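Trainee: Protein chains in written order, with the working numbering: chain H, 1 to 165; chain F, 1001 to 1165.
Glycine residues also receive a C-beta, built at the ideal position from the N, C-alpha and C atoms.
No experiment lies behind these values; they were computed from the predicted model shown.
There are 2 protein chains.
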Amino acid sequence: MATKNETVIKVEPGKQELFITREFEAPRELVFRAFTESQLIEKWLGPCKLTMKIDKLGPEGGSWRFVHYDEAGNAYGFHGVTHESTAPERLIRTFEFEGLPEKGHVSLEKATFEALPGDRTRLVMHNVFMSVEDRDGMVQAGMEYGVRESHEKLDDLFAQMLQQA
Amino acid sequence: MATKNETVIKVEPGKQELFITREFEAPRELVFRAFTESQLIEKWLGPCKLTMKIDKLGPEGGSWRFVHYDEAGNAYGFHGVTHESTAPERLIRTFEFEGLPEKGHVSLEKATFEALPGDRTRLVMHNVFMSVEDRDGMVQAGMEYGVRESHEKLDDLFAQMLQQA
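#1: What residue does the alpha helix (DSSP H) around residue 1138 of chain F start on, and which one ends it?
#2: On the CB-based measure, 16 or more other CB atoms within 10 Å of its CB, does residue 106 of chain H come out buried or exposed?
#3: Using the Cα positions of residue 1020 of chain F and residue 1123 of chain F, report the straight-line distance between them to the nearest angstrom.
#4: Measure the Cβ-Cβ separation of residue 80 of chain H and residue 94 of chain H and say whether it is below 8 Å.
#5: Excluding the five sequence neighbours on either side, which residues of its own chain have a C-beta within less than 7 Å of the C-beta of residue 1033 of chain F, listed in chain order?
#6: Does the beta carbon of residue 110 of chain H sit closer than 8 Å to a beta carbon anywhere in chain F?
#7: Looking at the secondary structure, which residues open and close the beta strand (DSSP E) in which residue 77 of chain H lies?
#8: Measuring straight from C-alpha to C-alpha, what distance separates residue 134 of chain H and residue 118 of chain H?
#9: Identify every residue that forms a DSSP beta bridge with residue 66 of chain H.
#10: Please confirm if the segment 1059-1069 of chain F is in contact with the segment 55-64 of chain H, defined as three or more CB-CB distances below 8 Å between the two stretches.
#11: Residue 94 of chain H versus chain F: which residues are under 8 Å apart at the beta carbon?
#12: With three or more beta-carbon pairs closer than 8 Å as the criterion, would you say the segment 51-58 of chain H touches the segment 148-158 of chain H?
#13: Taking the CB atoms as reference points, tell me whether residue 132 of chain H and residue 15 of chain H lie closer together than 8 Å.
#14: Would a check of beta-carbon distances place residue 1103 of chain F closer than 8 Å to chain H?
#15: Would you report the Cα separation of residue 159 of chain H and residue 142 of chain H, rounded to the nearest angstrom?
Here it is as structure tokens:
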């Protein structure tokens, strides 16, 4: 595909939030499904070098847990609860990385899926943290790298699914 | 009771968070129960002039919904999901007021229950919002009044329970 969509990550100094914006060459119904259906999520979420498993993925009002595994077999768990899941426009969830020294460093994530002309979609992720330190810790842990790689895998997934359709 | 504990609400200009701190003349096991057991919550949460009903109160990983009714029968609903409920020390939940013009203005609430000498407890509520506007809207809607009245009802509830014990 000739189009190269860019992942824009906005991290303003001193704030306890960040924004991730990305366009996709797919209708938002499909983009929303890729964020909420287990068998699709497993195909794109996380850096290429990690394997991804879904431990749990409940509906709105329920909980979710994902685990990434590296080649050495180390597990990196993430979990939270889904506050809202309104297809195909909005997803609001809590998020916690289980590898931190103490529990309770939770963030709130709102994903908005905007329909664009030509069956394209703009994703806006708005993540709010308990503190600036929590946010900066997430960014410094290499979040940006994982997000960009995930979005490139999503491009491939959508291209494949739309070709088959 | 001679003691008069003060509810301190810290709302720094331009931030998307607020802190509420309050001490109670009760051990934290009891304070935690008052925040997590339906039959206790109904006795203190909300302003005196409203009646409070619990529609739903799931465990960690589940959802909750509370409704306040005024004398005219108008209903004010609130709901969210419980990310963590660790007795007797911590409670992390999402929160959304259903009376706003649009859905999706969610906040994240972390309540920490600290044990103090003499079977007393310090409650610290840390609320994080999607924006400064969301936070300021909540404050201007009279949040402070409802919180102070709720805490005074909690004082009475604890005094009554400890006398009966």
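Mentor: According to the structure shown:
#1: Position 138 of the second sequence, counted from the start, is the residue given in the question as residue 1138 of chain F. Looking at the DSSP string, the run of the alpha helix (DSSP H) that includes residue 1138 of chain F is 1132-1140.
#2: Start at 1 with the first residue of the first sequence, and residue 106 of chain H comes out as number 106. Buried, because 16 or more other Cβ atoms sit within 10 Å of the Cβ of residue 106 of chain H.
#3: For this step, residue 1020 of chain F is matched to residue 20 along the second sequence. For this step, residue 1123 of chain F is matched to residue 123 along the second sequence. Going from the Cα of residue 1020 of chain F to the Cα of residue 1123 of chain F covers about 8 Å.
#4: Here residue 80 of chain H is taken as the residue at index 80 of the first sequence, counted from 1. Here residue 94 of chain H is taken as the residue at index 94 of the first sequence, counted from 1. Contact flag set, yes.
#5: Within the second sequence, the letter at position 33 stands for residue 1033 of chain F. Answer for residue 1033 of chain F: 1040, listed in chain order.
#6: By 1-based counting over the first sequence, the position of residue 110 of chain H is 110. Yes, because at least one Cβ of chain F sits closer than 8 Å to the Cβ of residue 110 of chain H.
#7: Along the first sequence, read from residue 1 onward, the residue named residue 77 of chain H stands at position 77. Segment 75-86, the beta strand (DSSP E) holding residue 77 of chain H.
#8: Numbered from its first residue, the first sequence carries residue 134 of chain H at position 134. Numbered from its first residue, the first sequence carries residue 118 of chain H at position 118. Going from the Cα of residue 134 of chain H to the Cα of residue 118 of chain H covers about 38 Å.
#9: Working through the first sequence from its first residue, we reach residue 66 of chain H at position 66. Residue 66 of chain H is bridged to H/54 and H/78.
#10: yes
#11: Working through the first sequence from its first residue, we reach residue 94 of chain H at position 94. Here the neighbours are 1081, 1083, 1092, 1094 and 1108.
#12: no
#13: Sequence index remark: in the first sequence, residue 132 of chain H carries index 132 (1-based). Sequence index remark: in the first sequence, residue 15 of chain H carries index 15 (1-based). Yes. Within cutoff.
#14: Mapped onto the second sequence, residue 1103 of chain F falls at position 103. Yes, residue 1103 of chain F lies at the interface with chain H (some Cβ there is under 8 Å from its Cβ).
#15: By 1-based counting over the first sequence, the position of residue 159 of chain H is 159. By 1-based counting over the first sequence, the position of residue 142 of chain H is 142. Rounded to the nearest angstrom, the two C-alpha atoms are 27 Å apart.
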